[in-house]
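Reviewing the structure listed below.
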Amino acid sequence: MDEKYVGRKFTTEFIKEDFARDNEFIRHMITSARMLKAYDLTPETTGNISIMTCEGMYIKAGGKSLGDLTPDDIILVVDYNPRENRVIAKGGKEPSSEAPMHWLIYHRFPRASAIVHVHDRVVLENIKSVKRNRIKITEKETDYGTLKQADEVLDALLYDDYAVIKNHGSISIGNTIEEATKRVIDVHKKILEDESSH
């Protein structure tokens with residue numbers, strides 16, 4: 032599915048105060064983003080990464096290149112109200128269109144402290160390999176950035192730390208951003224290897 036990007040599907044309320052961008056969480060996010068870029072997993076402005084901290088959720092701003100991430104491209108989400116579909120954020124930029132999905136994952140799964148979501152063409156174009164390797168795939172195809180998509184992903188991650196979002200991308204959760212990033216790269220390499228042997 033080649034989804035047409037139409038922007039965020041939630042409202043954002045900005046808190047005027049800013050936050051310190053010179054911190055270890057943001058440095059780790061930038062390092063992970065560069066690793067993903069090295070494997071060609073960050074085309075254009077697709078994909079997003081986040082880390083949950085006691086301050087809130089650091090996440091890539093919407094419309095920014097994941098592979099060329101800078102501290103100014105990261106915002107801090109301090110709350111999300113699913114009933115109103117409203118994100119409350121610091122940093123002055125709109126959060127990633129999938130910020131609600133990230134927020135809901137953190138609140139459903141205490142084992143998740145970091146999330147990496149990429150649009151890995153190798154994985155998406157080789158679903159037979161994905162199935163052969165028993166990698167979880169969401170049941171239904173849904174529109175990006177919706178609560179329906181978030182529900183599908185929550186179901187897929189119930190017993191797994193990596194899942195393919197049907198006809199969209201893949202997502203990995205971890206205790207650290209390094210762990211979640213490594214899992215994305217490992218699956219990418221595994222599918223490449225599997226395809227070359229079949």
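Positions in the sequence shown are counted from 1; adding 31 to them yields our numbering. Heads up, the beta-carbon is just placed ideally off N, CA and C, and yes, glycines get one too. Everything numeric in this text was worked out from a predicted model, so none of it was measured.
Can you tell me where the beta strand (DSSP E) with residue i in it begins and where it stops?
| i | result |
| --- | --- |
| residue 44 | 42-46 |
| residue 79 | 79-83 |
| residue 110 | 105-112 |
| residue 87 | Careful: residue 87 lies outside any beta strand (DSSP E) and carries neither H nor E. |
Is residue i helix, strand or coil by DSSP?
| i | result |
| --- | --- |
| residue 223 | helix |
| residue 175 | coil |
| residue 135 | helix |
| residue 141 | coil |
| residue 192 | coil |
| residue 38 | coil |
| residue 92 | strand |
| residue 99 | coil |
| residue 128 | coil |
Can you tell me where the alpha helix (DSSP H) with residue i in it begins and where it stops?
| i | result |
| --- | --- |
| residue 63 | 55-69 |
| residue 121 | Counting along the chain, residue 121 falls outside any alpha helix (DSSP H), though it belongs to the beta strand (DSSP E) covering 117-121. |
| residue 167 | From DSSP, residue 167 is part of no alpha helix (DSSP H); its letter is neither H nor E. |
| residue 160 | 158-163 |
| residue 155 | 152-155 |
Please check the pair residue i and residue j, which I expect to be a contact at CB under 8 Å, by giving their CB distance rounded to whole angstroms.
| i | j | result |
| --- | --- | --- |
| residue 222 | residue 157 | 5 Å |
| residue 89 | residue 67 | Rounded, the Cβ-Cβ distance is 16 Å, inconsistent with contact. |
| residue 211 | residue 145 | 5 Å |
| residue 105 | residue 208 | Between residue 208 and residue 105 the Cβ distance is about 12 Å, and since that is not below 8 Å, they are no contact. |
| residue 109 | residue 46 | 7 Å |
| residue 92 | residue 124 | 4 Å |
With 16 other CB atoms within 10 Å as the buried threshold, where does residue i fall?
| i | result |
| --- | --- |
| residue 189 | exposed |
| residue 73 | buried |
| residue 169 | buried |
| residue 126 | buried |
| residue 98 | buried |
| residue 152 | exposed |
| residue 228 | exposed |
| residue 79 | buried |
| residue 69 | exposed |
| residue 77 | buried |
| residue 194 | buried |
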